[in-house]
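**Student:** Residue numbers (full-length UniProt numbering), protein chains in the order written: chain S, 1 to 187; chain F, 1 to 187.
Using N, Cα and C, we set each Cβ at its ideal position, and we do this for glycine too.
A quick note: this is a predicted structure, and the numbers were derived from the prediction, not measured.
Would you mind keeping the following structure in view while I ask a few things?
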DNA sequence: ATTGGGTCTTGACATATCTCACGAATATAT
DNA sequence: ATATATTCGTGAGATATGTCAAGACCCAAT
């Protein structure tokens, strides 16, 4: 079970058994059913979540109650409302299961302890953060430069598996386009 | 001169004189005039830059030769084509001075040495990366949820100083809206 | 004083996308 | 098996924004 996390970390930095045991001791395993919430707007954000299996959506809900998808979290993704997590404030985003999901949870306190206790893990999280930043930057460029249809085609190319797993209305909410407009692209 | 960098770092982690001397030894100072390029598309990206004074634009140029502004870098910002920097590949973005500018340059090699030699600096860069990621995420949400006019008003509120320093055509290129459309908002 | 480059505004028209409405197809729960 | 909710596609009209063109303004250099 925890092997998934170990392999994930070892893609970036090698760990011996003792080190991984130390790492693993900071996590707790939680299981959720489709439609359950890991984070709700206004509540405390206790954990950063490593997705062992399943699929989640991180959502911003606007004044009109319209949902916008900040990101999808599949296997091997880390996900949380990170602003609230790092600043230990209340959630402005929600995190909800699109499928039955298993996550490994890391509290903010344990996150700090882990980094302080094992130098390598601070390095690991730095790499993760850098990749997250670069991914966001690429998405911004896509939003600035491409039409809705082009963004849809880019998404198909980059994440073909997503299309099988989530309804198109959610892809639309991720791309920043209406459900109906996206529907007309397929033709 | 280097005091600016020290104060900047000490907002996040305290340093004694020896530690800062060690940090500073990894940087080189460079000065540029308005219109000069720090990074050009296709060239190597040697440095991450700390802006001591001045103003820069990080630009993505599309197939139609249209410019899109990934970010503005003012005093105390770190800027580079970070994808190319981290992967040591060729630049896809350009970095150009909008004003006469002084930067402190950190090569990739020195960046690694700095992190390895002084634990605290890895921590510092992790904080920076996290903030960069959160900033990008907020901009994505803004692009997904708000009209061009709303995004303009948000920018005015968040960075009123920018408006004095850069032509509106560049603000438009940052917001993802045409120069003409942005011009009509002021009324 | 004059020139030339950059900036800003504005009008007219084109186009992408949104919204609302409806119905068909499909999945899900009882 | 039936009922119910979700999902998907499509038409028609509204709206935001883009594009092209013209002119006004400002400022630095000659």
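With a threshold of 16 other CB atoms inside 10 Å of the CB of residue 166/F, please say whether the residue is buried or exposed.
**Tutor:** Here the question's residue 166/F lines up with position 166 in the second chain. Buried, by the Cβ-count rule.
**Student:** Any residues in the stretch 134-148 of chain S with a beta carbon nearer than 9 Å to a beta carbon of chain F? Which ones, in chain order?
**Tutor:** 134, 135, 136, 137, 138, 139, 140, 141, 143, 144, 145, 146
**Student:** Since residue 127/F contacts residue 12/F with CB under 8 Å, what's their CB separation in whole angstroms?
**Tutor:** Translated into positions along the second chain, residue 127/F becomes position 127. Translated into positions along the second chain, residue 12/F becomes position 12. At roughly 5 Å, the Cβ-Cβ gap stays under 8 Å, so residue 127/F and residue 12/F are in contact.
**Student:** Can we say the stretch 79-90 of chain F touches the stretch 26-33 of chain F, given the rule of at least three CB pairs closer than 8 Å?
**Tutor:** no
**Student:** Could you name each continuous alpha helix (DSSP H) segment of 4 residues or more that falls completely within the stretch 99-134 of chain F, going from the start of the chain to the end?
**Tutor:** With a minimum length of 4 residues, the continuous alpha helix (DSSP H) runs that stay inside the stretch 99-134 of chain F are 108-117.
**Student:** When Cβ atoms are compared, which residues of the stretch 109-125 of chain F fall closer than 8 Å to chain S?
**Tutor:** 115, 119, 122, 123, 125
**Student:** Where does residue 37/F fall in DSSP's three states?
**Tutor:** In the second chain, the residue the question calls residue 37/F occupies position 37. Reduced to three states, the DSSP call for residue 37/F is strand.
**Student:** Hey, is residue 132/F's beta-carbon within less than 9 Å of any beta-carbon in chain S?
**Tutor:** Here residue 132/F refers to the residue found at position 132 of the second chain. Chain S contact via Cβ: present.
**Student:** Could you work out which residues of chain S lie near residue 176/F, taking near to mean beta carbons separated by less than 7 Å?
**Tutor:** Position 176 of the second chain, counted from the first residue, corresponds to residue 176/F. Neighbours of residue 176/F on chain S, chain order: 143, 144.
**Student:** Taking Cβ-Cβ distances shorter than 7 Å, what residues in chain S pair up with residue 26/F?
**Tutor:** Sequence index remark: in the second chain, residue 26/F carries index 26 (1-based). Result: empty, since nearest Cβ-Cβ is about 17 Å, beyond 7 Å.
**Student:** By a C-beta neighbour count over all protein chains shown, 10 Å radius and 16 as the cutoff for buried, is residue 147/F buried or exposed?
**Tutor:** On the second chain, position 147 is the one that residue 147/F refers to. Residue 147/F should be labelled exposed.
**Student:** Would you identify the three-state DSSP class for residue 173/F, choosing helix, strand or coil?
**Tutor:** Here residue 173/F corresponds to residue number 173 of the second chain, with the count starting at 1. The answer is helix: DSSP assigns residue 173/F an H, G or I state.
**Student:** Run through DSSP, which three-state label would residue 45/S get?
**Tutor:** Here residue 45/S refers to the residue found at position 45 of the first chain. In the structure shown, residue 45/S sits in coil (DSSP, three-state: anything other than H, G, I, E or B).
**Student:** Output, in chain order, the set of chain S residues within a Cβ distance shorter than 7 Å of residue 129/F.
**Tutor:** Here the question's residue 129/F lines up with position 129 in the second chain. The answer, in chain order, is 126, 129, 130, 133.
**Student:** Would residue 90/S pass as an interface residue toward chain F - the criterion being a Cβ-Cβ separation below 9 Å?
**Tutor:** Within the first chain, numbered from 1, the residue matching residue 90/S stands at position 90. No, residue 90/S lies away from the interface with chain F (no Cβ there is under 9 Å from its Cβ).
**Student:** Is there at least one Cβ from chain F nearer than 9 Å to residue 68/S's Cβ?
**Tutor:** Along the first chain, one-based indexing puts residue 68/S at 68. Yes, its Cβ sits closer than 9 Å to a Cβ of chain F.
**Student:** From the DSSP output, in three-state form, read off residue 29/F for me.
**Tutor:** Walking along the second chain from the start, residue 29/F turns up at place 29. Three-state result, residue 29/F: strand.
**Student:** Label residue 101/S either buried or exposed according to how many other C-beta atoms from any shown protein chain fall within 10 Å of its C-beta, with 16 as the threshold for buried.
**Tutor:** Start at 1 with the first residue of the first chain, and residue 101/S comes out as number 101. It is buried - the Cβ of residue 101/S has at least 16 other Cβ atoms within 10 Å.
**Student:** Residue 60/F touches chain S at which residues, Cβ-Cβ below 8 Å?
**Tutor:** Against the second chain, residue 60/F aligns to sequence position 60. Near residue 60/F (Cβ distances below 8 Å), the residues of chain S are 141, 144, 145.
**Student:** Mind the definition here: the stretch 16-25 of chain F touches the stretch 83-102 of chain F only if three or more C-beta pairs lie below 8 Å; say whether that holds.
**Tutor:** no
**Student:** Leaving aside the five residues before and after residue 103/S along the sequence, list all residues of the same chain whose C-beta is less than 6 Å from its C-beta, in chain order.
**Tutor:** Counted from its first residue, the first chain places residue 103/S at position 103. Cβ within range, chain order: 30, 49, 51.
**Student:** For residue 60/F, list the residues DSSP reports as bridge partners.
**Tutor:** Along the second chain, one-based indexing puts residue 60/F at 60. According to DSSP, residue 60/F bridges with 68/F.
**Student:** Report the three-state DSSP secondary structure of residue 24/F (helix, strand or coil).
**Tutor:** Here residue 24/F refers to the residue found at position 24 when the second chain is read from its first residue. Reduced to three states, the DSSP call for residue 24/F is helix.
**Student:** State yes or no: is the beta carbon of residue 47/S nearer than 9 Å to at least one beta carbon in chain F?
**Tutor:** One-based indexing of the first chain puts residue 47/S at position 47. Chain F contact via Cβ: absent.
**Student:** When you measure from the CB of residue 99/S to every non-hydrogen atom of the ligand MN, does any distance come out below 8 Å?
**Tutor:** In terms of ligand content, the structure shown is empty, and the ligand MN therefore cannot be addressed.
**Student:** Could you tell me whether the stretch 130-148 of chain S touches the stretch 130-142 of chain F, where touching means 3 or more Cβ pairs closer than 8 Å?
**Tutor:** yes
**Student:** By DSSP's criteria, residue 50/F is part of a beta bridge. Which residues make up the other side?
**Tutor:** To locate residue 50/F, count along the second chain from 1; it is residue 50. According to DSSP, residue 50/F bridges with 78/F, 104/F.
**Student:** Under 6 Å Cβ to Cβ from residue 34/F, same chain only, skipping five residues before and after it: list those, please.
**Tutor:** If you number the second chain from 1, residue 34/F lands on position 34. Result list for residue 34/F: 97, 99, 100, in chain order.
**Student:** Once DSSP output is grouped into helix, strand and coil, what is the label at residue 155/S?
**Tutor:** For the purposes of this step, residue 155/S is identified with residue 155 of the first chain, where counting begins at 1. Residue 155/S falls in the helix class under three-state DSSP.
**Student:** Going by C-alpha to C-alpha distance, which of 168/S, 26/S, 172/S sits closest to residue 47/S?
**Tutor:** Within the first chain, residue 47/S is the residue found at index 47, counting from 1. The shortest C-alpha separation from residue 47/S is found at 26/S.
**Student:** Check whether the stretch 55-70 of chain S and the stretch 138-157 of chain F are in contact - that is, three or more C-beta pairs closer than 8 Å.
**Tutor:** yes
**Student:** Output yes if chain F places a C-beta closer than 9 Å to the C-beta of residue 152/S; else output no.
**Tutor:** Here residue 152/S corresponds to residue number 152 of the first chain, with the count starting at 1. Chain F contact via Cβ: absent.
**Student:** From 44/S, 68/S, 117/S, 56/S, pick the residue whose C-alpha is nearest to that of residue 86/S; which is it?
**Tutor:** Here residue 86/S corresponds to residue number 86 of the first chain, with the count starting at 1. The shortest C-alpha separation from residue 86/S is found at 44/S.
**Student:** State the DSSP-derived secondary structure class of residue 168/F, mapped to helix, strand or coil.
**Tutor:** Reading the second chain from its first residue, position 168 is the one you call residue 168/F. Helix at residue 168/F.
**Student:** Residue 117/S: which of 5/S, 22/S, 4/S, 36/S sits nearest, CA to CA?
**Tutor:** Indexing the first chain from 1 puts residue 117/S at position 117. Nearest option by C-alpha distance: 22/S.
**Student:** From 152/F, 83/F, 53/F, pick the residue whose C-alpha is nearest to that of residue 74/F; which is it?
**Tutor:** Residue 74/F sits at position 74 when you count from the first residue of the second chain. Of 152/F, 83/F, 53/F, the residue nearest in Cα terms is 53/F.
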